[in-house]
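Scroll down for the structure; my scribbles are underneath it.
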Amino acid sequence: MIVSYCVSRIAYLLFFVASAAPGEGVGKILLAGAMMLGLGTGFAVVLLIASKKLKVEVDPKIEQIHAALPNLDCGACGFAGCGSYAKAVLDDPELLGKCAPGGSEVLDAIASILNLQVSDSGPAKRPIVHCRSRRDQRTFHAEYYGIPSCTAANALANAQACKFGCLGFGDCTRACKFDALHVVEGLATVDYDKCTGCTACSKACPRGLIEMVPFGQENMMTVACNSIETGKAARSMCKVGCIGCGVCAKQTDQFIVEDNLARLDYTRYEPSEAAEKAMQKCPTGVIVYRGPTAPEPRQPKEKPAAVAEAKKGD
Amino acid sequence: MDKVRHFVEQSWLLIVSAFFFGLLLAGTDYALAPTIRQNRIDKLNRLAKGLLAEAEHFIEVEEKIEIESGKGKSKEEITIYKAVGEGEQCVGWSFSVGGPGFQGTIYLVVGVDAGFEKLAGYRVLSSTETPGFGDKIKYDYFREQFEGAPVGELKLVSTGKPEKIDSEIVAISGATISSEAVVAIMNDSVLQVKERMRKKGLIDNGR
Amino acid sequence: MEVRVKGRFSFRGGVHPPEKKGLSCESSIQAGPAVKEVAILLSQHIGAACRPLVEKGAEVQAGQKIGDCDAFVSAPVHSPVAGKVKEVGLRSHAVLGRSPAVVIQAEVEAQPTRPSWEVNGDFDEGKYSSEQICEAVREAGIVGMGGAGFPTRVKIEPNPRMPKETMIINGCECEPYITCDYRMMLERTGQIVAGVKLARRASGCSRVIIAIEDNKPAAIEAMSAAVRASAKGDNIEVVAVKTKYPQGGERQLIEAVLKKNVPTGGIPPMIGVLVLNVATTAAIADAVVNKRPLTHRVVTVSGEVIARPGNYYVAIGTAVGDLMEFCGPVTQKSAKVVLGGPMMGLAIADLQMPITKASGAITVLTKGQIGRAKFARRQTACIRCGRCLEVCPENLNPTRIAHAVKSNLLDLAESYYINACTECGCCSYVCPANIEVTGYIKTGKIFLARQKKKMPQ
Amino acid sequence: MADKARGSSDLYKETLLAGLWRENPVFRLLLGMCPTLAVTAAVKPALTMGCCVIFVLLCSNIIVSLMRNLLKPHLRILMFTLTIATFVTIADLFLRAYFPDMSETLGPYVPLIIVNCIIICRAEACASKNGLAVSIIDAVGMGVGFTGTLCVLAGVREVLATGMIFEVPVMPGAFVPWAAMGMPVGAFITLGLMLGLVNLTSKGRA
Amino acid sequence: MLKDITVSFSPHISKPLSTRSVMVDVIIGLAPAMAAAGYYFRMRALILIATCVIACAATEWVCNLIRKKPCSLGDFSAVVTGIILALSLPPRLPIWTAVVGSVFCIAIGKMVFGGLGANIFNPAMVGRTFLAVSFGALMTTWTVPATLDANMSKVAPENILVSDRSEFRTQATPLAWSKMAIKNKLGADTYSEANFRGTITGEVGGCLGETSAIALLIGGIYLLIRRTINFHIPLAVLISAFIFGAIPYALDSEIHTEPTFAILDSGRYVQPFFHLTSGGLLLCAFFIATDPVTAPLTRRGMWIFGIGVGFLTMLIRIVGGYPEGVMFSILLMNGVTPLIDRLCKRIPAGGKPVVS
Amino acid sequence: MDTVNALILAFISIVIVNNLVFTKFLGICPYLGVSGRIDMAFGMGMAVTFVVTLSGTLTYMINNWILMRLGLDVARYVCFILVIAGAVQLVEMYIRKFFPSLYESFGIFLPLITTNCAILGLCLFLDLWGVGSLLEAVVLSFGAGVGFTMAICIMAGIRENLKMADVPECLKGAPITLITAGLLALAFMGFAGMIR
Ligand SMILES: Cc1cc2nc3c(=O)[nH]c(=O)nc-3n(C[C@H](O)[C@H](O)[C@H](O)COP(=O)(O)O)c2cc1C
Ligand SMILES: Cc1cc2nc3c(=O)[nH]c(=O)nc-3n(C[C@H](O)[C@H](O)[C@H](O)COP(=O)(O)O)c2cc1C
Ligand SMILES: Cc1cc2nc3c(=O)[nH]c(=O)nc-3n(C[C@H](O)[C@H](O)[C@H](O)COP(=O)(O)O)c2cc1C
Ligand SMILES: Cc1cc2nc3c(=O)[nH]c(=O)nc-3n(C[C@H](O)[C@H](O)[C@H](O)CO)c2cc1C
Ligand code: SF4
Ligand code: SF4
Ligand code: SF4
Ligand code: SF4
Ligand code: FES
């Protein structure tokens, strides 16, 4: 009701203006019109001249980004206006997507200016956690009380016997901005559907357990262990660790055993009978598939007697 | 010449629409200005009418009264309205004065009787007092204490019966400053107005 | 410990935890356990780790050098026993987790005994040149025995860019429980004074101050007497310093004794000071005069649950567990085994971990001593009480640093000078909210170092 | 919005809903906070304010949309400002003429619509890129979303601060008004808590 | 060999202190003030204190429940908040008002910031300010102490849930008088002399816990001895309040010596010492300004904070719109505490590291 | 002397008693957006102070000396906003060209300010309050900027602390900032009634 009233008043007003009676009224109206005309022209002139005279050379990319932004200077991004945001994004692409009013369109535009698409050289890299041991498969010397961080726990004496395996306090989880990595039963586990390959997790792990591997296949085979302990020590520490026995290397030369630890040469890896066989023959089952549709890793073949022994001797 | 052409190319739209908007604005203003002016007068009238019930209409007194406000720091010009009752007889006076309140300036519309002897009360024209505290100067129970009270002799007390009409004004609990401010305006400013009007002979004329 | 001399010297901040020295201070140094196997870690010091010089199956002599490194900041390691190399493999290390070690099967299982050697007052260091002393110290593999394990040769060698004027001998032993330095000062007084003189000669210091906490009057007495009786001992002073933790921290000790501060991020030589632990000086004397490498050290084994707490002369490489067993059955009440004292020591998990040159003590703590609250992880949020600021000897803002680390704001932590922290632990000790302030700071330093390393890319 | 394949009615609906909730200017975009805080002591001024914003938004979106192809980049913002200021003045005059009480209550917050980020934002983000119909619908969606938010906020504050809503008592007689809710404190805290609540309902953007 | 050993960061021992023990100390320190409140305001005091404590604790419990966080009542900080809030309320405040204040102070003053230790503002003062701003009249009616008012019942009045005006005699507080004297430009000296004793013992009108200077001093000294608080803040508050109270007093007695005011002893401003013992200043100096969570960390910061609190309190008392300025000055200084902390950043003992 | 006193009082009143952010809700967008770090907040504050002083003065002159004289009140808002926008843009270009270091420290905030209602709001309030003299207008505008700087710096300090606090997830960011602003507004009520 109010709206219709308003509309009718406005219509009436417009009509009134159009048919304004001559005299004082028209003079005033014209004065206002002239005034605005003057103002508008004045500013247009000044700004045009100023924009010529006071031009400052800047990185053309900044200009491009600036042009792509909404230019509201609203400060929603946490910067002092679109200009400074443009500059900041150029320096630090992690700041992408801070422009709330711009939304995804602007995000895409800036991304294309910055050439952020991953360059197509070789298969995309994805993280592989070089450990497959769940909490109940590991040996602990003592209980760790304290700061729930892998870096912190790693700095202390080895409460968890294996110095090389996953600690499970999730420094990598916290580093992942894409919720693609979780600690499951004490073991960091990548959700390959969500992972973008940003490498943040591999930088965060204090034990260097996470390697960025070129995923030539959907699922990659890997030796999920990082321990260079001798076989006996390794067995006493973990039921599913690599003992460096060399069985896999005998099947195919895609595996290399060095320092009591087998490694898969990812650049040369391709699915083969031999590799599959190596996987079957591995006594501790440390050779597994990793990837979005990887099958569950098998359990170790023999009950590792050594583990039980080590425990008794402890 | 090139420059001019370039300029026109760039900004003709701005200039044209500036002109158009200017016309639109001025037209609107032209159409609405009388209503807006009338609104202000209406409001004053409405408030003053509430104070001086017998008044039929108000006449703006030509001469402006100058009073000192803010402890003599500045001078203010006040327009006085004569309330005219039945038979063009003066039934009182009304004017708007301001004074410092708890937070900002309190503007009151004050009514007095024809002889400037008794207050007819006040209405708050505008104020920025705290809602729930000083805001209560707008409430009837506080305002009614002033109706019929003698000009220039008001005293603020903290306890007593508000219903009693006398020179004692019972402060709003928890907002003495606002109460004080109103009393101060009603005492100082009204007395000053009375003084000046008597000097100018306005009051006697009104009789 | 009878009369207390009042220590005149002190520093700002610090705490005074229960001393608990009574458990072991009366027990003179005894021979440690006989070992059938020693594991000599190749990294027992700050600096580059050693390369093994022997292979599996090799025969070694007692005192034979079995690991060395060409790096300047490093020290060789020697076998304490004669025997056969059983393995060169990984062993637990208090700081590094697992680290390469040479494991030697002893020929004979015998308790280590210290070769008797008495040094009297007129020991003359003049017959050794500075270079000779430095070389002997290096060859003997001497590293700081006060805990840090910094190669001593590097410390005492004259450096024209930073000439050393004052040498402070650190006999504070400010950590609770530990008494090994105290016993050394009582029983090997002469040897220490000889070592002091040698270090003085090597480093060219003109002034020597032996600083001892005022809760060890007997040691003060003994050292003073020895210095007085000693020839050319006139520029050696023995001073009593206030009993307060971490009086023995070198930065605090310098502040207390010399009223000077070592620049943040700097080292004492920058202000012409050299700090040596008393045990280190004793080892210097032994190395220079008798050419004996550092293969044994005195270790305090203490704690309420230890049946026979005391100070033991132990072969380096002995497993912590063996040593503990040697000191009597350990009750199941023990909750933590600490290499070092309870304030700065490292809790260890694997009792097979070998003793190193820098491990002066093993402290076994119970839940009761750790504090129930701490044990039950009964932390609350920081109440910003400021106690940690008050006790921080480095005048830092520990709670700020810790919380910045906790919130992963490393820049902020750095702006609060995280790297100036000496990790003394005073802040955690006093925190009513039981926050692991020091732990967060340590972790933060690691984060920061890692971040810095990645930066250049 | 370039997706022509979708039916245009779908597009309209989406544009409308975006303003109402998904991209609600106050709760989601955090735009136009000043008027939101300043005029929500009671529902009536909030509603008035909302209507003014709808009016200005509508007019400016229409004008901008009509001239979107003629605009030169560096005079763009100047042009927007000019348009908006004009319509704000009109709205202000209108209020002063026909709703003088409200005009007094709102005071300078009506002219402040000129710098209200919502309006420039919509002119820039929507009207200068889209046709008339979409611009109008967007203006309505955004405007109504804004008004709705204002009214909710104002409702909570008015009830607690005075025990009334639209100046009609709604609380039990024994209720003592919480004067603080009518003051800046109340405004900030209520809005803060509401934003929290909204974040809670949409985990995605929390 | 050994089972169940544990590993954690050094140090491995700690001082037998806990947040709870600190809070219990504060409660003990507040006990004399609570006792004085009980003595002068009878059941009313007990009921208000109990209400605030229970309501604060319950609010904290509920907030933790909502956030699915472990219960944090064990640290007793909510109890301290409740007691301090209660002690800063007028004796005859209705119960529901106290409950509203308690809920506000814990929920908005503390829990939204993340609970203990995270709050920027002193929760009790946040609650009190909210009440003062919302329910002005209720928060400015003051009861005559029971020792002066024979009519006050020794037990709780039945209609305790409604603020019954007939139950108590009311009285203006010392600070209300002092404000009046400033307005009227007279009477300050006479009044402060006559009532000085009252402000020491507590036999005057005012908030529950603020009236008795002696009880507050006892509690404060207990905390100082126990080292629960250190002396910097209380001393800074009291000294600066004294100085800023003394300045107008001194100036005034020089200017206004004309005989016009001879009827009453001249005086527009009360003696500075009177300022210290009246109102909430002592409670503030020892218990509120010292709240570690909302005060600066460094000693230099504490001095600045204390001086600021004292100055703002006197500014508001003498030239401001309110008779008392303690709660506002606390909140204002709480707001700038982060800046103070930044200003007073500690420099390491060895100086700033040389950037290489 | 009296005028000086009056000006000082006016200054104090606009800085603390009638603080733009806490009592007039002006400039909330940058207050929420740019209060994350103290150096940024301070830069923003300086820029606002500069612009608000400039535009307060300019608009006062235009309003009182041109618009009122010509009876063109109706063009007031348009003029105000154009003057502000134009002046800010010019100043920004000028500083950027000739004082690059100054531009780095606070010039980058200038464009943000044009759409900040604190500026226009102050100009409008100057008109509403019926400020008597140009001098007073200058003092008030400058004071408004100082008040804003104070408010935003205090908030930045608090937010640096809150970064380390366990604020409920849903309240992080703007909500907790608003609540804090509310409590600050509560605290600033203590100054109410101080200057009358
Ligand atoms: C939030 C708040 C708002 C207030 N607003 C006003 C007000 O608008 N007017 C006023 O006179 N006093 C106001 N007061 C001031 C106090 O109520 C003050 O104590 C009182 O004016 C002093 O006089 P008294 O003797 O009645 O207590 C306010 C106080 C508070 C806490
Ligand atoms: C907190 C702290 C406490 C220390 N306490 C002692 C101590 O009590 N006794 C000691 O000899 N060294 C102590 N140190 C080690 C000394 O700082 C210093 O490294 C040592 O005295 C140098 O001598 P060294 O190289 O011979 O070991 C402590 C170090 C720190 C950081
Ligand atoms: C800790 C504490 C802080 C207080 N802060 C204030 C305050 O900031 N403002 C206030 O008006 N009253 C405050 N009060 C109450 C006054 O101290 C006291 O009651 C005073 O006399 C005010 O009375 P009036 O407002 O009736 O004049 C506080 C009380 C306590 C215990
Ligand atoms: C010395 C001391 C004083 C305290 N004072 C207060 C206080 O004034 N108000 C309050 O709410 N809590 C106080 N507390 C309790 C606690 O610090 C407070 O609840 C925290 O602010 C909550 O985060 C105090 C605690 C201590 C140790
Ligand atoms: S992979 Fe590394 S960072 Fe991740 S949980 Fe395991 S140890 Fe921690
Ligand atoms: S941090 Fe990056 S690389 Fe690692 S799991 Fe997450 S998205 Fe993948
Ligand atoms: S001692 Fe603990 S509770 Fe106190 S300030 Fe330091 S970290 Fe916080
Ligand atoms: S911050 Fe570092 S130096 Fe300071 S008390 Fe804590 S551990 Fe010691
Ligand atoms: S709405 Fe006020 S600054 Fe954005």
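Those protein sequences? They're chains A, B, C, D, E and F, same order as listed. When you read off a place in the first sequence, starting at 1, and then add 61, the result is the number in the numbering used here. When you read off a place in the second sequence, starting at 1, and then add 203, the result is the number in the numbering used here. When you read off a place in the third sequence, starting at 1, and then add 711, the result is the number in the numbering used here. When you read off a place in the fourth sequence, starting at 1, and then add 167, the result is the number in the numbering used here. When you read off a place in the fifth sequence, starting at 1, and then add 24, the result is the number in the numbering used here. When you read off a place in the sixth sequence, starting at 1, and then add 247, the result is the number in the numbering used here. From the three backbone atoms N, C-alpha and C, an ideal C-beta is built for every residue, glycine too.
task: Could you tell me the distance, in whole angstroms, from the CA atom of F:L418 to the CA atom of D:G363?
output: The residue given as residue 418 of chain F occupies position 171 in the sixth sequence. The residue given as residue 363 of chain D occupies position 196 in the fourth sequence. Rounded to the nearest angstrom, the two C-alpha atoms are 5 Å apart.
Cα-Cα separation between B:S370 and B:Y342, rounded to whole angstroms: Along the second sequence, one-based indexing puts residue 370 of chain B at 167. Along the second sequence, one-based indexing puts residue 342 of chain B at 139. The alpha-carbon atoms of B:S370 and B:Y342 are separated by roughly 19 Å.
query: Whose CA, out of D:A294, D:M338, D:L187 and D:L198, lies closest to the CA of D:I285?
result: On the fourth sequence, residue 285 of chain D is found 118 positions in, with the first residue counted as 1. Cα-wise, what sits closest to D:I285 is D:L198.
field: Local Cβ density within 10 Å of A:I110, reported as buried at 16 or more and exposed below that
entry: Along the first sequence, read from residue 1 onward, the residue named residue 110 of chain A stands at position 49. So A:I110 ends up on the exposed side.
- prompt: Does the distance from the CB of C:G858 to the CB of C:G1071 come in under 8 Å?
  reply: By one-based count along the third sequence, residue 858 of chain C stands at place 147. By one-based count along the third sequence, residue 1071 of chain C stands at place 360. Taking 8 Å as the Cβ cut-off, C:G858 and C:G1071 qualify as a contacting pair.
beta-carbon E:L306 near ligand 6 non-hydrogen atom, thresh 7 Å: For the purposes of this step, residue 306 of chain E is identified with residue 282 of the fifth sequence, where counting begins at 1. No - ligand 6 has no heavy atom lying nearer than 7 Å to the Cβ of E:L306.
message: At the 8 Å Cβ level, is C:L1062 part of the contact set with chain F, yes or no?
response: What you label residue 1062 of chain C is simply residue 351 of the third sequence in a count that begins at 1. No, because no Cβ of chain F sits closer than 8 Å to the Cβ of C:L1062.
message: Is C:F861 near ligand 2 - that is, is its Cβ less than 7 Å away from at least one heavy atom of it?
response: Position 150 of the third sequence, counted from the start, is the residue given in the question as residue 861 of chain C. Yes, ligand 2 has a heavy atom inside 7 Å of this Cβ.
field: Opening and closing residue of the alpha helix (DSSP H) in which D:K211 lies
entry: Translated into the one-based positions of the fourth sequence, residue 211 of chain D becomes position 44. Taken as a continuous stretch (DSSP letters only), the alpha helix (DSSP H) holding D:K211 covers V210 to L233.
- prompt: Can you pull every residue whose C-beta falls closer than 6 Å to some heavy atom of ligand 6, listed in chain order?
  reply: A:P188, A:A236, A:C237, A:F239, A:A241, A:L242, A:V251, A:C256, A:T257, A:G258, A:C259, A:T260, A:A261 and A:C262
field: Any non-hydrogen atom of ligand 5 closer than 7 Å to C:R894 Cβ
entry: For the purposes of this step, residue 894 of chain C is identified with residue 183 of the third sequence, where counting begins at 1. The answer is no for C:R894.
- prompt: Which runs of the beta strand (DSSP E), 3 residues or longer, sit entirely within the stretch 256-290 of chain A?
  reply: 271-275 and 281-284
- prompt: So what does DSSP say about E:D315, is it helix, strand or coil?
  reply: Within the fifth sequence, residue 315 of chain E is the residue found at index 291, counting from 1. Of the three classes helix, strand and coil, the one that applies to E:D315 here is coil, per DSSP.
query: B:V287 lies in the alpha helix (DSSP H); which residues open and close that run?
result: Position 84 of the second sequence holds residue 287 of chain B. No alpha helix (DSSP H) contains B:V287, which is instead part of the beta strand (DSSP E) from I283 to V287.
message: I'd like to know if A:A128 contacts chain B, where contact means its C-beta is closer than 8 Å to some C-beta of that chain.
response: What you label residue 128 of chain A is simply residue 67 of the first sequence in a count that begins at 1. Closer than 8 Å: no.
query: Taking the alpha carbon of B:E332 as the point to measure from, which residue in E:G359, E:G345, E:A373 and E:D365 has its own alpha carbon closest?
result: Along the second sequence, one-based indexing puts residue 332 of chain B at 129. The shortest Cα separation from B:E332 among E:G359, E:G345, E:A373 and E:D365 belongs to E:G345.
task: Closer than 7 Å by beta-carbon distance: list the chain E residues that pair up with D:W345, in chain order.
output: Mapped onto the fourth sequence, residue 345 of chain D falls at position 178. Per Cβ cutoff of 7 Å: S158.
- prompt: By Cβ distance below 8 Å, which residues in the same chain neighbour E:S190 in space, the five residues on each side in sequence not counted?
  reply: On the fifth sequence, residue 190 of chain E is found 166 positions in, with the first residue counted as 1. The predicted model places E:S190 with a pLDDT of 43, which falls under 50 and marks its position as unreliable; any figure quoted below should be read in that light. Result list for E:S190: empty, nothing under 8 Å.
message: Can you pull out the residues from the stretch 379-398 of chain B whose beta carbon lies closer than 7 Å to at least one beta carbon of chain E?
response: I380
field: Reduced DSSP category for B:N248 - H, G, I as helix; E, B as strand; rest coil
entry: What you label residue 248 of chain B is simply residue 45 of the second sequence in a count that begins at 1. Helix.
message: Which residues of the stretch 195-212 of chain A have a Cβ closer than 7 Å to any Cβ of chain C? Give them in chain order.
response: H202, A203, Y206, G207, I208, S210 and T212
task: Could you please give me the residues that DSSP links to A:V190 through a beta bridge?
output: Here residue 190 of chain A corresponds to residue number 129 of the first sequence, with the count starting at 1. Answer is A:I271.
message: Measuring straight from C-alpha to C-alpha, what distance separates E:L262 and E:N358?
response: Sequence index remark: in the fifth sequence, residue 262 of chain E carries index 238 (1-based). Sequence index remark: in the fifth sequence, residue 358 of chain E carries index 334 (1-based). Going from the Cα of E:L262 to the Cα of E:N358 covers about 17 Å.
message: My output table needs one value for C:A1084: the three-state DSSP class, helix, strand or coil.
response: Position 373 of the third sequence, counting from 1, holds the residue named residue 1084 of chain C. For C:A1084, the pLDDT reaches just 49, beneath the cut-off of 50, and the residue's location in the model is therefore unreliable, although a value from the coordinates is still provided. C:A1084: helix per DSSP, three-state reduction.
query: Counting only beta-carbon atoms, is E:G229 nearer than 8 Å to chain B?
result: As a first step, residue 229 of chain E must be located in the fifth sequence, where it is residue number 205. With 8 Å as the cut-off, E:G229 does not count as an interface residue toward chain B.
task: On a CA-only basis, which of E:I29, E:P35, E:I52 and E:T30 is nearest E:R250? Give me that one, please.
output: By one-based count along the fifth sequence, residue 250 of chain E stands at place 226. Of the candidates E:I29, E:P35, E:I52 and E:T30, the one whose C-alpha sits nearest the C-alpha of E:R250 is E:I52.
message: Checking 8 Å against the spacing of the C-beta atoms, do F:C400 and F:G292 come in under that value?
response: Here residue 400 of chain F refers to the residue found at position 153 of the sixth sequence. Here residue 292 of chain F refers to the residue found at position 45 of the sixth sequence. A contact, by the Cβ cut-off of 8 Å.
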